[in-house]
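One structure is given here, and the rest of the page talks about it.
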Amino acid sequence: MKLKSTLTRKGYVKIKLKKINTNHFEMKGKINGVKGRFILDTGASNSCVDINLAEKFKLVLKDSETKAAGAGAIGMETKVSSKNLIKLNNWAYHNFDLVLLDLSHVNTALTEHNATAVDGIIGADILEKGNAIIDYQYKCVYLKKLVFKY
C-alpha cells in the first residue's frame, strides 16, 4: 500500500517540498493569509519569520527575553507574535506563535549559493504539532490535520 493513501486515510495532508541549491527543502505557505517561502528545518526548535517582514505578514510584535542561536549566529535579539494562522497546503494551525528575528545571515548564505531568499523557517514546533512524516524520496512532508474546538 502506498504511503500517501495510507496517510491521507489517517487525516494527513501532503505538502510539496522543493530541494534548493543548498540542499535545504523549501516550502510555500501562508501566514495570516499572506503567501511566503520557507525553509523546512528539523533542527530549528521554533518556526520564525524575518523581523523585517512583520508588517507583510500582519504580525503584532511583543518583546522577548529569548536570544536566538543557530546557523552561525548567536545571541540574536528576538520578538514574538501570538495568535497567528499558518496554512501549509490544506493544513492549518490557529493561534500559532512565531519568533521574529533578523534572518539576513540565512538569506546571505542562500543567495551566495544561487538560491532565492526566504521569508522564514518552518521548525520543529510545526513538525511536532502536525506529527510530521517527511518523505525524502518524493520530496514532501505529511502533517496530520488539527481539530479545533470553537
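If you're matching positions, the sequence shown starts at 995 in the numbering used here and goes up one per residue. For each residue, glycine too, the CB sits at the ideal point set by N, CA and C.
_Quick check on this structure: which residue in 1046, 1134, 1018 and 1023 has the alpha carbon closest to the alpha carbon of residue 1098?_
1046
*CB-CB under 7 Å to residue 1052, same chain, minus the five flanking residues each way: which ones, in chain order?*
1026 and 1028
_Is the separation between the beta-carbon of residue 1147 and that of residue 1083 shorter than 8 Å?_
Nothing about residue 1147 can be reported from this structure: the residues present for the chain run from 995 to 1144 only.
*How far does the alpha helix (DSSP H) with residue 1086 in it reach, from first residue to last?*
Looking at the DSSP string, residue 1086 is not in any alpha helix (DSSP H); the run it does join, the beta strand (DSSP E), is 1085 to 1095.
*Measuring alpha carbon to alpha carbon, tell me which of 1042, 1020, 1039 and 1011 ends up nearest residue 1131.*
1011
*asked:* Let me check understanding here. Comparing Cα to Cα, which of 1034, 1094, 1120 and 1005 lies closest to residue 1074?
replied: 1094
*asked:* Using 8 Å as the threshold, is the C-beta distance between residue 1030 and residue 1114 below it?
replied: yes
*Would DSSP call residue 1007 helix, strand or coil?*
Reduced to three states, the DSSP call for residue 1007 is strand.
*Provide the residue(s) that pair with residue 1049 in DSSP beta bridges, ordered along the chain.*
Listed as beta-bridge partners of residue 1049 by DSSP are no residues whatsoever.
*What do you reckon, are the CB atoms on residue 1039 and residue 1126 nearer than 8 Å?*
no
*Would you call residue 1063 buried or exposed, if buried means 16 or more other Cβ atoms sit within 10 Å of its Cβ?*
Because residue 1063 sits at a pLDDT of 47, beneath the cut-off of 50, its placement in the model cannot be relied upon, and the following sentence gives the value as read from the coordinates. By the 10 Å Cβ count, residue 1063 comes out exposed.
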